[in-house]
Amino acid sequence: MSPSDHDTTEAGGARATGAGAERGSALVMAIFVLALLTSMGAALLFVTENEMKMGKVDLRAKTVFYVSEAGLEDARETLRVVNLGGATDTLRNSFNDELTSAAGPNGAINCDPAALKPVFDSNGDAIGFSGYGDDSPLKAMTTFGSGKYIAFLTNDAVDGRTNLADSNDRVVITALGTGTHYASEVVQAIVERDSFPSLPATITMIGPSANFDGGNSNAKLYMGDDCAGGIPGLSVPVVGVIGTASEAVAEAGVQKPSSYTSGGFTGVDTVPNVTTSIDPSLNDCDFLHDLARTVRAAADVVGGPSTSNGSLGTTAAPKIVYIEGDYTVGGGFNGGGLLWVTGTLTFNGNAGWTGTIFTVGEGNFQRSGGGNGVISGSNFVANIAGPDGVMWTSDDCAGADGVVGTADDGAAIATYNNSGGGTGDTGYCSTAISAVQQEFPFVIVGFRQR
């Protein structure tokens with residue numbers, strides 16, 4: 293073999309060895325990368341699985357919370373209906389009888405929110421509850437979706453949880469909700485009646501001037517003494533206004549042959565300035581705006597000018613009715629409940645009403661035509677809609693100039709005009725007023741999760 297052949301052989305061997313080494317390094321690198329990707333994939337799979345598990349736990353927690361909230365709301369409405377069904381005003385104006393019923397056969401409230409627990413079967417589904425002794429649930433165990441709830445009534449902390457005497461018109465509802473996989477949640481709420489501020493007169497007119505005309509065609513009766521069956525000795529002004537200037541203007545509308553009486557006072561003496569006696573909130577335009585929203589939210593009927601009188605409440609079956617815009621109660625119709633009208637409200641002929649009338653918005657009440665319809669309860673008139681006469685626009689509560697932030701902000705001139713040719717009574721009646729206020733849902737003034 294020649295030297296050149298030897299060199300070639302050695303070089304070839306060296307090249308073969310180098311290629312093998314490169315292939316070995318590439319294989320090691322590929323295995324390393326594959327192992328790294330596998331590890332990363334396993335880690336991502338682990339994280340994803342954990343996130344799914346956490347998501348399921350979070351979903352179960354939220355779901356069972358919503359179930360317990362549903363139980364609370366169901367119980368709150370049940371309490372309103374039960375309380376409204378009380379045989380007397382005394383029973384309807386407190387929670388004493390509801391607490392007595394909640395106490396069960398042994399006459400003592402045993403429900404302890406801290407001890408209230410669900411009883412689960414082997415699958416993690418609720419089959420009952422414990423920790424309330426023989427108390428009668430405000431809402432018995434109720435299925436809701438994939439869960440269940442139960443609710444109980446106790447007194448509030450001020451009166452003492454187990455006290456059967458309600459002194460402050462407040463009670464506590466405790467609702468326990470359950471879901472799947474042994475999930476449970478307890479929520480509590482302090483609830484009270486959402487009553488209106490006391491109305492100070494048979495007809496109350498706020499604003500810088502009361503454009504009042506009681507009519508002078510036929511003798512009409514305007515009375516501030518409480519109606520039959522009301523509070524003995526109670527009397528209120530016939531027309532209550534804000535400010536001495538408004539009082540002077542309103543007195544000009546007290547004309548004969550109509551008769552105005554209240555607690556021994558007659559005529560113009562029944563039309564005082566009630567600035568110091570009226571609940572300040574009723575003289576607050578922003579409060580009245582918020583009150584309109586409250587009434588609209590709670591109303592049995594929300595309508596407009598075309599809403600039929602047949603949709604309104606009656607004395608036997610009062611309703612909360614909210615009307616956006618002008619509205620007319622036709623002659624011969626006798627309604628009942630709370631009527632809120634944001635435009636001009638017209639009572640024709642012998643139309644009557646038992647309850648509370650809020651002509652608040654444009655603040656224009658008109659009574660026309662013949663007849664002898666009776667309006668019993670209280671009427672509140674306020675112009676808070678601004679110069680355009682339309683509620684929920686930018687000039688609301690802006691006063692006569694329609695500009696917010698100026699000295700005349702608040703209610704503008706309100707109008708009450710009785711041009712009807714017939715006779716008719718307009719009288720104050722506390723029982724008619726309170727009856728409709730009891731229709732409103734109880735409000736939650738305190739809430740917590742346990």
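Okay, so the sequence shown: first residue is 293 according to the working numbering, each after it adds one. Every residue gets a Cβ at the ideal spot worked out from N, C-alpha and C, and that includes glycine.
Pick from the options that is closest to residue i, judged by C-alpha positions
i, options, result
"GLY556", "TYR708, SER527, PRO397 and VAL478", "SER527"
"ASN664", "VAL696, ASP701, ASP693 and PHE625", "PHE625"
"ALA418", "TYR720, LEU337, PHE672 and GLY469", "GLY469"
"MET433", "GLY471, ALA540, VAL320 and GLY452", "GLY471"
"TYR441", "VAL450, PRO429, GLY452 and ASP448", "PRO429"
"GLY628", "ALA608, PHE650, ALA590 and VAL359", "ALA608"
"PRO610", "LEU630, ALA318, PHE387 and GLY525", "LEU630"
"LYS431", "VAL356, VAL373, VAL411 and THR355", "VAL373"
"PHE412", "ALA699, ALA394, ASN385 and SER476", "SER476"
"GLY439", "LEU391, GLY363 and LEU319", "GLY363"
"PRO524", "GLN729, TYR720 and PRO733", "TYR720"
"ASN709", "ASP427, SER509, GLU365 and VAL325", "SER509"
"VAL450", "ASP461, ALA443 and PHE444", "ASP461"
"PRO500", "GLY713, ALA699 and THR636", "ALA699"
"VAL356", "HIS473, ARG585 and THR392", "HIS473"
"SER554", "VAL320, THR718, SER726 and MET332", "THR718"
"TYR358", "MET332, ALA335 and GLY437", "GLY437"
"THR435", "GLY420, ASP427 and ASP448", "GLY420"
"TYR552", "LEU319, THR370 and GLY716", "GLY716"
"GLU390", "ASN447, ALA727 and THR707", "ASN447"
Collapsed DSSP secondary structure at residue i in the structure displayed
i, result
"MET753", "Lying before the first or after the last residue shown, residue 753 is absent from the chain, which here runs from 293 to 742."
"VAL374", "helix"
"TYR474", "coil"
"SER551", "strand"
"SER722", "helix"
"ALA418", "strand"
"GLN730", "coil"
"ASN358", "This sequence places Tyr at residue 358; Asn is not what is there. Note: TYR358 maps to helix in three-state DSSP."
"THR607", "coil"
"ILE649", "strand"
"ILE401", "coil"
"ASP717", "strand"
"GLY363", "helix"
"ALA303", "Only weak support is given to the placement of ALA303: the predicted model assigns it a pLDDT of 49, under 50, and the value that follows is read from those uncertain coordinates. ALA303 falls in the helix class under three-state DSSP."
"ARG453", "coil"
"SER468", "With the sequence shown as reference, residue 468 is identified as Leu, and Ser is not the correct amino acid for it. Strand, per DSSP."
"SER527", "strand"
"PRO572", "helix"
"PHE444", "strand"
"ALA432", "strand"
"ALA699", "coil"
"ASN385", "coil"
"ILE323", "helix"
"ASP518", "coil"
Residue i, enclosing alpha helix (DSSP H) - first and last residue
i, result
"ALA395", "Here ALA395 belongs to no alpha helix (DSSP H), and DSSP marks it neither H nor E."
"ASP578", "577-590"
"THR536", "536-543"
Within 9 Å, strictly: CB atoms of residue i and residue j
i, j, result
"ALA724", "THR638", "no"
"ILE667", "ASN503", "no"
"VAL464", "THR494", "no"
"ASP571", "SER670", "no"
"SER360", "ALA467", "yes"
"LEU408", "GLY396", "no"
"GLY425", "ASN398", "yes"
"THR634", "MET683", "yes"
First through last residue of the beta strand (DSSP E) which encompasses residue i
i, result
"VAL594", "593-595"
"ARG740", "734-741"
"ALA706", "706-710"
"TYR674", "The residue you asked about is not Tyr; residue 674 is Ala in the sequence shown. Counting along the chain, the beta strand (DSSP E) containing ALA674 begins and ends at 667-675."
"ALA502", "502-505"
"VAL531", "531-533"
"ASN656", "656-660"
"ASN640", "636-640"
"ALA690", "Looking at the DSSP string, ALA690 is not in any beta strand (DSSP E), and its letter there is neither H nor E."
"VAL633", "626-633"
"TYR424", "Where TYR424 is concerned, there is no enclosing beta strand (DSSP E), given that its DSSP letter is neither H nor E."
"LEU513", "513-515"
"PRO410", "409-412"
"THR620", "619-621"
9 Å Cβ cutoff, residue i in contact with chain D
i, result
"ALA502", "Chain labels in this structure do not include chain D; a single protein chain is all it has."
Cβ-heavy atom distance, residue i to the ligand ATP, below 8 Å
i, result
"VAL464", "Only the bare structure without any ligand can be found here, which leaves the ligand ATP out of the picture."
ask   = Does the count of Cβ pairs from the stretch 674-681 and the stretch 645-660 closer than 8 Å reach three?
value = yes
inquiry  = So, does the stretch 509-520 touch the stretch 554-568, judging by three or more C-beta pairs under 8 Å?
reply    = yes
request  = Indicate whether the contact test is met: 3 or more Cβ pairs, each with one atom in the stretch 523-542 and one in the stretch 452-461, closer than 8 Å.
outcome  = no
ask   = When the Cβ atoms of the stretch 734-741 are set against those of the stretch 471-491, are three or more pairs found closer than 8 Å?
value = yes
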